[in-house]
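Asker: Below is a structure I'd like to ask you about.
Residue numbers (my numbering): 2 to 203.
Now the structure itself:
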């Protein structure tokens with residue numbers, strides 16, 4: 002007789018019964034959201050404003066570290082092989098774009114948010130607003146770091162243009178700080194609730 006699988010059983014046991022299709026569906030959903038988020042953009046100098054930080058952070062918190070990182074790696078790979086999923090298209094040459102560091106940074110921000118979420122939900126079964134906010138803020142700071150360093154590297158070594166750290170911060174961080182903090186608040190409000198709602202499927 003087939004073994005009955007309850008919703009609360011460990012992921013490893015449930016995957017033996019073919020329920021990993023849920024993982025694939027959720028990963029696909031967040032890859033699609035990342036793509037749409039990149040197309041909804043407002044140009045603010047060399048770095049456009051998009052909603053991708055929100056989706057990368059929510060994806061990490063809702064799906065957990067492993068699946069959240071997979072979402073970003075799939076999105077990254079799709080763009081590099083030529084699919085037009087990035088804000089300005091796709092292709093391997095995108096690595097020379099000033100904004101490519103942010104796409105790499107989304108992997109890091111999803112990882113941070115996912116690790117915090119996994120730890121709290123495994124221990125307490127919940128995530129408070131301030132915990133989710135600090136996780137999102139930590140992911141944001143890491144995103145800024147990766148994006149700004151990459152921006153400087155492309156400017157200096159590929160474009161051959163001198164740029165100071167101050168100028169890079171003015172282009173990569175300052176215009177987005179307040180809206181990104183608002184995004185962190187939105188992540189903290191939405192992600193824990195969504196994770197509790199879909200947690201039985203993971």
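Glycine residues also receive a C-beta, built at the ideal position from the N, C-alpha and C atoms.
Can you give the Cα-Cα distance for residue 36 and residue 29, rounded to whole angstroms?
Answerer: The alpha-carbon atoms of residue 36 and residue 29 are separated by roughly 11 Å.
Asker: Considering only DSSP beta bridges, list what residue 43 is partnered with.
Answerer: Paired residue(s): 50.
Asker: Which two residues bound the contiguous alpha helix (DSSP H) that contains residue 168?
Answerer: Looking at the DSSP string, the run of the alpha helix (DSSP H) that includes residue 168 is 166 to 173.
Asker: What did DSSP end up calling residue 8 once you bin it into helix, strand or coil?
Answerer: Because the pLDDT at residue 8 is just 42, under 50, the model does not fix this residue reliably, and the value given afterwards should be weighed accordingly. Three-state result, residue 8: coil.
Asker: One question on the structure: do residue 68 and residue 116 come within less than 8 Å of each other, judged by their Cβ atoms?
Answerer: Result no, Cβ atoms of residue 68 and residue 116 do not sit closer than 8 Å.
Asker: Based on the DSSP secondary-structure assignment, which residues constitute the bridge partners of residue 204?
Answerer: There is no way to answer for residue 204, as the model of the chain reaches only from 2 to 203.
Asker: Closest by CA to residue 49, which one among 105, 185, 173?
Answerer: Comparing Cα positions, the closest option is 173.
Asker: State the DSSP-derived secondary structure class of residue 3, mapped to helix, strand or coil.
Answerer: Its pLDDT being 45, under 50, residue 3 is placed unreliably by the model, and the measurement read from it follows with that caveat. Three-state result, residue 3: coil.
Asker: What is the DSSP secondary structure of residue 196, counted as helix, strand or coil?
Answerer: If DSSP states are grouped into helix, strand and coil, residue 196 belongs with the helices.
Asker: Here's the rule: buried if 16 or more other CB atoms are within 10 angstroms of the residue's CB, otherwise exposed. What is residue 104?
Answerer: Result: buried.
Asker: Give me the residue from 51, 148, 191, 120 with the minimum Cα distance to residue 98.
Answerer: Of the candidates 51, 148, 191, 120, the one whose C-alpha sits nearest the C-alpha of residue 98 is 148.
Asker: For residue 147, which of helix, strand or coil comes out of DSSP?
Answerer: Helix, per DSSP.
Asker: Expressed to the nearest angstrom, what Euclidean distance is found between the alpha-carbon atoms of residue 191 and residue 59?
Answerer: Rounded to the nearest angstrom, the two C-alpha atoms are 8 Å apart.
Asker: Can you grab the Cα-Cα spacing for the pair residue 95 / residue 53, in whole Å?
Answerer: The straight-line gap from Cα to Cα measures roughly 17 Å.
Asker: Does chain B have any CB closer than 8 Å to the CB of residue 31?
Answerer: Considering every chain present, this structure includes no chain B. It has just one protein chain.
Asker: Is residue 184 buried or exposed, if buried means 16 or more other CB atoms sit within 10 Å of its CB?
Answerer: Per the 10 Å Cβ criterion, buried.
Asker: Just the Cα atoms here: how many angstroms apart are residue 179 and residue 140?
Answerer: Computed Cα separation, rounded: 15 Å.
Asker: For the stretch 119 to 129 against the stretch 82 to 96, are there 3 or more C-beta pairs whose distance is under 8 Å?
Answerer: Touching, no, given that fewer than three Cβ pairs across the two stretches are closer than 8 Å.
Asker: How many Å lie between residue 101 and residue 151 at the Cα?
Answerer: Answer to the nearest angstrom: the Cα atoms are 7 Å apart.
Asker: If the criterion is Cβ atoms closer than 8 Å, does the pair residue 55 and residue 188 meet it?
Answerer: Result yes, Cβ atoms of residue 55 and residue 188 sit closer than 8 Å.
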